[in-house]
Amino acid sequence: MRIISRRRLLAYASKFSAQALLFSFFWDKAFAQADPGKTGLFKLGVASGEPEPDGMVLWTRLAPRPTHRRGGMPNEPVKVAWEIAKNSDMSAVVGRGVATAQPDSGHSVHVEVDGLEANRWYWYRFKVGSEYSPIGRTRTAPAAGTRVESVKFAVASCQHFEQGYFTAHRHMAAENIHFVLFLGDYIYERQHSKRDHVRYHGEFHATTLDEYRERYAQYKSDADLQACHAAFPWIVTWDDHEVVNNYAGSDDDRDRRRAAYQAYHENMPLRHSSAPKGADMMLYRRFKFGNLLEVNILDTRQYRTVKPCDGKWSECEGAANPDATMLGNKQEKWLFSGLQKSKAKWNVMAQQIPMFQRLHPKGERRIKTDKWDGYIVSRQRLLNFLSEHKTSNPIVLSGDVHGNWVGDLKLDFDDAGSTTVGSEFVATSISSGGNGKNRKKRARKFIAKNPHIKFFNRRRGYLLCEVTQDRWKTDIRQVKFVEEKGAPIKTSASFEVKNGVPGVVSI
Ligand code: FE
Ligand code: CA
Numbered sequence: 023m024r025i026i027s028r029r030r031l032l033a034y035a036s037k038f039s040a041q042a043l044l045f046s047f048f049w050d051k052a053f054a055q056a057d058p059g060k061t062g063l064f065k066l067g068v069a070s071g072e073p074e075p076d077g078m079v080l081w082t083r084l085a086p087r088p089t090h091r092r093g094g095m096p097n098e099p100v101k102v103a104w105e106i107a108k109n110s111d112m113s114a115v116v117g118r119g120v121a122t123a124q125p126d127s128g129h130s131v132h133v134e135v136d137g138l139e140a141n142r143w144y145w146y147r148f149k150v151g152s153e154y155s156p157i158g159r160t161r162t163a164p165a166a167g168t169r170v171e172s173v174k175f176a177v178a179s180c181q182h183f184e185q186g187y188f189t190a191h192r193h194m195a196a197e198n199i200h201f202v203l204f205l206g207d208y209i210y211e212r213q214h215s216k217r218d219h220v221r222y223h224g225e226f227h228a229t230t231l232d233e234y235r236e237r238y239a240q241y242k243s244d245a246d247l248q249a250c251h252a253a254f255p256w257i258v259t260w261d262d263h264e265v266v267n268n269y270a271g272s273d274d275d276r277d278r279r280r281a282a283y284q285a286y287h288e289n290m291p292l293r294h295s296s297a298p299k300g301a302d303m304m305l306y307r308r309f310k311f312g313n314l315l316e317v318n319i320l321d322t323r324q325y326r327t328v329k330p331c332d333g334k335w336s337e338c339e340g341a342a343n344p345d346a347t348m349l350g351n352k353q354e355k356w357l358f359s360g361l362q363k364s365k366a367k368w369n370v371m372a373q374q375i376p377m378f379q380r381l382h383p384k385g386e387r388r389i390k391t392d393k394w395d396g397y398i399v400s401r402q403r404l405l406n407f408l409s410e411h412k413t414s415n416p417i418v419l420s421g422d423v424h425g426n427w428v429g430d431l432k433l434d435f436d437d438a439g440s441t442t443v444g445s446e447f448v449a450t451s452i453s454s455g456g457n458g459k460n461r462k463k464r465a466r467k468f469i470a471k472n473p474h475i476k477f478f479n480r481r482r483g484y485l486l487c488e489v490t491q492d493r494w495k496t497d498i499r500q501v502k503f504v505e506e507k508g509a510p511i512k513t514s515a516s517f518e519v520k521n522g523v524p525g526v527v528s529i
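Start counting at 1 in the sequence shown, then tack on 22, and there's your number in our numbering.
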């Protein structure tokens, strides 16, 4: 939906005042229309995402009774007015319009705003009847190709509602950053560990659209999560639990995938072009931040071949099967051609699962083949590509394993002297796995077995990344506990990668 800028409105007012009047008449009418007989429509908060230099997506979903069928909404479309302003009190409005929340989209609204100025903050809100949503803050990306001195963002994943409070989101909302990268396990389709470990989750395993909607409604009712969505645009991708544990795209439960993907799109600040088509949903895409940074958002779930085996890794023929793929042909080609064309100083692959090799100190049977370790030919192709094409400063960001991991991507992981191609930062969970531990002894054992790995712990929190022309810096931000509310946040370790000098260094 195009926005009408203030400048353009003024132009209309002088040249085509009738048009301006007509426009404001429809906008006022939408704001003044009879409400749908419900109040408390904005209990799931507001969000924004997909930041571009001239706009972004604004999101909300009407749900006066969040975990009830249809969120407690009538089975009919509802007009939702929106506006975006240059200041937090919404007095300098630069765009407004009316969207329709359809029942078959769970009464969600995805407004695609454009025509904005690059690299600045904006504020937005929605209105239905006489009710306003909370005001959210969002930001445009820097203009394409321009020299950008610094981009800051947080990386998070894995928020099991039952296993902990989202305290980390509350702290993230107060960080000095431009956007959030969320790398999957936004919901969990099923109960984990002990029943109602920290808070009520519901015992059903989500398999139908209504059940997935209920899960999102429950998670999105969390005030800490809402605060973080309202503070920054989010760039999201999914992992397995948005559908079912450790699934691969080639699994054949397409009905379940259709339901899960539909609910995912309804609940994320994504574009209409990302809406699922049946059981397929296009989620890999690229974001550019001036000449400084390109972020390739990957989907390692939908197109992968099935997990090769459990058993002993060295005997796992599937892991070395040249036909096995993590990204699928089309996505891999898209990634390679994007990397080849990129003029950015830093090239990020933001995806779900750890990419570097993680030999387990307790033996080969423990190696996780749901990760890139189960798809080693696919991984080698990518590492070879980065090395051969001298991709500028490759950085991999991942999540999934409920621990912080930092290390290097080697051309040959079994040879500590081989070329370092790039570095990887694995974000821990927001809450999955409960309080977590430092696991210092385990870390020492892992590092002894995998010299390219520099850091590991099992605390909860997120990564804070600051990218400049000269260096990449990542702070491991961690909360002390998640099974009770109110934990403080601290930086437990910091790492940097210098421009043009591959390899992560502790600082
Ligand atoms: Fe997880
Ligand atoms: Ca996962």
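Every residue, glycine too, gets a C-beta built ideally from N, C-alpha and C.
Predicted model, so just to flag it, every value in this text is computed and none were measured.
* Give the C-beta separation of Leu247 and His193 to the nearest angstrom, bearing in mind that I take them to be a contact with Cβ-Cβ under 8 Å. => Here residue 247 is taken as the residue at index 225 of the sequence shown, counted from 1. Here residue 193 is taken as the residue at index 171 of the sequence shown, counted from 1. That belief does not hold up - the Cβ atoms of Leu247 and His193 are roughly 12 Å apart, past 8 Å.
* Rank Gly360, Glu446, Ser440 and Ser336 by C-alpha distance to the C-alpha of Pro376 and give the top, closest one. => As a first step, residue 376 is located in the sequence shown; it is residue number 354 there, counting from the start. Of the candidates Gly360, Glu446, Ser440 and Ser336, the one whose C-alpha sits nearest the C-alpha of Pro376 is Glu446.
* To do: Excluding the 5 residues preceding and the 5 following Leu231 in the sequence, name in chain order all residues of the same chain whose CB lies nearer than 7 Å to its CB.
  => The sequence position of residue 231 within the sequence shown is 209, counting from 1. The residues are Ala281, Gln284 and Ala285.
* **Buried/exposed call for Gly119, threshold 16 Cβ in 10 Å** => What you label residue 119 is simply residue 97 of the sequence shown in a count that begins at 1. Answer is buried; the Cβ neighbour count reaches 16.
* With Arg401 as the anchor, note down where its alpha helix (DSSP H) starts and where it stops. => Taking the first residue of the sequence shown as 1, we reach residue 401 at position 379. Counting along the chain, Arg401 sits inside the alpha helix (DSSP H) bounded by residues Ile398 to Glu410.
* Return the chain-ordered list of same chain residues with a C-beta closer than 6 Å to the C-beta of Ile529, the five sequence neighbours on each side being excluded. => Residue numbering aside, residue 529 sits at position 507 when the sequence shown is read from its first letter. Excluding positions up to five away in sequence, the list reads Ser516 and Glu518.
* Same chain, Cβ closer than 7 Å to Lys329, five either side skipped, listed in chain order -> Locating residue 329 in the sequence shown gives position 307, counting from the first residue. Closer than 7 Å at Cβ, skipping near neighbours: Asn268, Ala270, Thr391, Asp392 and Gly396.
* Got a sec, what are the start and stop residues for the beta strand (DSSP E) Arg217 sits in? -> As a first step, residue 217 must be located in the sequence shown, where it is residue number 195. It is not in any beta strand (DSSP E) - Arg217 carries neither H nor E in the DSSP assignment.
* Asked: Among Cys331, His182, Asp244 and Val317, which has the Cα closest to the Cα of Gln373?
  -> Position 351 of the sequence shown, counted from the first residue, corresponds to residue 373. Comparing Cα-Cα distances from Gln373 to each of Cys331, His182, Asp244 and Val317, the minimum goes to Val317.
* **Proximity test, Ser453 beta-carbon vs ligand 1 heavy atom, cut-off 7 Å** => Position 431 of the sequence shown, counted from the first residue, corresponds to residue 453. With a cut-off of 7 Å, the C-beta of Ser453 is classified as distant from ligand 1, since no heavy atom of the ligand falls inside that distance.
* Asked: Exposed or buried, what is Asp345 when buried is set at 16 or more other beta-carbons lying within 10 Å of its beta-carbon?
  -> The residue labelled residue 345 in the question sits at position 323 within the sequence shown. Exposed is the call here.
* Asked: If you count every other CB in all the chains shown that lies within 10 Å of the CB of Thr513, and 16 or more means buried, which is it?
  -> Within the sequence shown, residue 513 is the residue found at index 491, counting from 1. Thr513 is classed as exposed because its beta carbon has fewer than 16 other beta carbons within 10 Å across all chains shown.
* Asked: In the structure shown, what three-state DSSP assignment does Gly94 receive?
  -> Mapped onto the sequence shown, residue 94 falls at position 72. DSSP places Gly94 in helix when its eight states are reduced to three.
* Below 8 Å on the Cβ atoms is my guess for Val443 versus Leu431; work out the distance and round it to an integer in Å. => Here the question's residue 443 lines up with position 421 in the sequence shown. Here the question's residue 431 lines up with position 409 in the sequence shown. Indeed, because the Cβ distance is near 5 Å, the residues count as touching under 8 Å.
* **Residues proximal to ligand 2 by C-beta, any heavy atom closer than 5 Å** => Counting only heavy atoms of ligand 2, the residues whose C-beta sits closer than 5 Å to one of them are, along the chain, Asp207, Asp261, Asp262 and Asp422.
* Anyone know if the C-beta pair for Phe175 and Val202 falls short of 8 Å? -> As a first step, residue 175 must be located in the sequence shown, where it is residue number 153. As a first step, residue 202 must be located in the sequence shown, where it is residue number 180. In this structure, Phe175 places its C-beta atom within 8 Å of the C-beta atom of Val202.
* Buried or exposed: His474, going by 16 or more other Cβ atoms within 10 Å of its Cβ? -> Looking up residue 474 in the sequence shown gives position 452. It is buried - the Cβ of His474 has at least 16 other Cβ atoms within 10 Å.
* Asked: How would you call Pro96, buried or exposed, if buried means at least 16 neighbouring beta carbons within 10 angstroms?
  -> Translated into the one-based positions of the sequence shown, residue 96 becomes position 74. Around the CB of Pro96, fewer than 16 other CB atoms lie within 10 Å, so the residue is classed as exposed.
* Straight-line CA distance for Val448 to Thr496? -> The residue given as residue 448 occupies position 426 in the sequence shown. The residue given as residue 496 occupies position 474 in the sequence shown. Each residue's Cα considered, the two are about 11 Å apart.
* Is it a yes or a no for the segment 127-143 touching the segment 64-79, going by three-plus beta-carbon pairs under 8 Å? -> Judged by Cβ distances under 8 Å, the segment 127-143 makes contact with the segment 64-79, as three or more pairs qualify.
* Asked: From what residue to what residue does the alpha helix (DSSP H) around Asn351 run?
  -> To locate residue 351, count along the sequence shown from 1; it is residue 329. Taken as a continuous stretch (DSSP letters only), the alpha helix (DSSP H) holding Asn351 covers Asn351 to Lys363.
* **Contacts around Thr347, its chain only, beta-carbon distance under 8 Å, and the 5 residues preceding and following it disregarded** => Along the sequence shown, one-based indexing puts residue 347 at 325. Correct list, in chain order: Tyr325, Arg326, Thr327, Glu354, Tyr397 and Ser400.
* **Whole-angstrom distance between Phe311 and Asp218, CA atom to CA atom** => Reading the sequence shown from its first residue, position 196 is the one you call residue 218. Reading the sequence shown from its first residue, position 289 is the one you call residue 311. So the two alpha carbons sit approximately 42 Å from each other.
* Can you tell me which of Arg481, Asn521, Ile511 and Ile389 puts its alpha carbon nearest to the alpha carbon of Phe468? => Numbered from its first residue, the sequence shown carries residue 468 at position 446. Proximity to Phe468 across Arg481, Asn521, Ile511 and Ile389 peaks at Ile389, based on C-alpha coordinates.
* Asked: Ala121 to Pro291, Cα distance in whole Å?
  -> To locate residue 121, count along the sequence shown from 1; it is residue 99. To locate residue 291, count along the sequence shown from 1; it is residue 269. Approximately 14 Å between the Cα atoms of the pair.
* Closer than 7 Å: is that where the CB of His219 sits relative to any heavy atom of ligand 1? -> The count along the sequence shown starts at 1 and reaches residue 219 at position 197. At a cut-off of 7 Å, the beta-carbon of His219 does not count as near ligand 1: no heavy atom of the ligand is closer than that.
* For Leu66 and Asp244, the rounded distance between their alpha carbons -> What you label residue 244 is simply residue 222 of the sequence shown in a count that begins at 1. What you label residue 66 is simply residue 44 of the sequence shown in a count that begins at 1. Rounded to the nearest angstrom, the gap between the Cα atoms of Asp244 and Leu66 is 8 Å.
* For Ala270, the three-state DSSP class (helix, strand or coil) -> Within the sequence shown, the letter at position 248 stands for residue 270. In the three-state DSSP reduction, Ala270 falls in the coil class, being neither helix nor strand.
* To do: Tell me, please, which residues DSSP counts as bridged to Met371.
  => Position 349 of the sequence shown, counted from the first residue, corresponds to residue 371. Looking at the DSSP output, Met371 shares a beta bridge with Asn318 and Val418.
* Asked: If you compare alpha carbons, which of Val258, Ala195 and Gly522 is closest to Arg499?
  -> Counting from one through the sequence shown, the residue named residue 499 turns up at place 477. The shortest Cα separation from Arg499 among Val258, Ala195 and Gly522 belongs to Ala195.
* If you drop the 5 nearest sequence neighbours on each side, which residues of the same chain put their C-beta closer than 7 Å to that of Thr490? -> Reading the sequence shown from its first residue, position 468 is the one you call residue 490. The beta carbon of Thr490 is closer than 7 Å to those of Glu171 and Ser172 in its chain, skipping five residues each way along the sequence.
* To do: State buried or exposed for Gly206, treating a residue as buried only when at least 16 other CB atoms are found within 10 Å of its CB.
  => To locate residue 206, count along the sequence shown from 1; it is residue 184. Around the C-beta of Gly206, 16 or more other C-beta atoms lie within 10 Å, and the residue is accordingly described as buried.
* To do: List the DSSP bridge partners of Pro255.
  => In the sequence shown, residue 255 corresponds to position 233, counting from 1. Under DSSP, Pro255 shares a beta bridge with Ser70.
* Mind checking Asn109: buried by the 16 CB within 10 Å criterion, or exposed? -> Taking the first residue of the sequence shown as position 1, residue 109 is located at position 87. So Asn109 ends up on the exposed side.
* Examine ligand 1 and report whether any of its heavy atoms sits within less than 7 Å of the Cβ of His223. => Within the sequence shown, numbered from 1, the residue matching residue 223 stands at position 201. Closer than 7 Å to some heavy atom of ligand 1: that does not describe the Cβ of His223.
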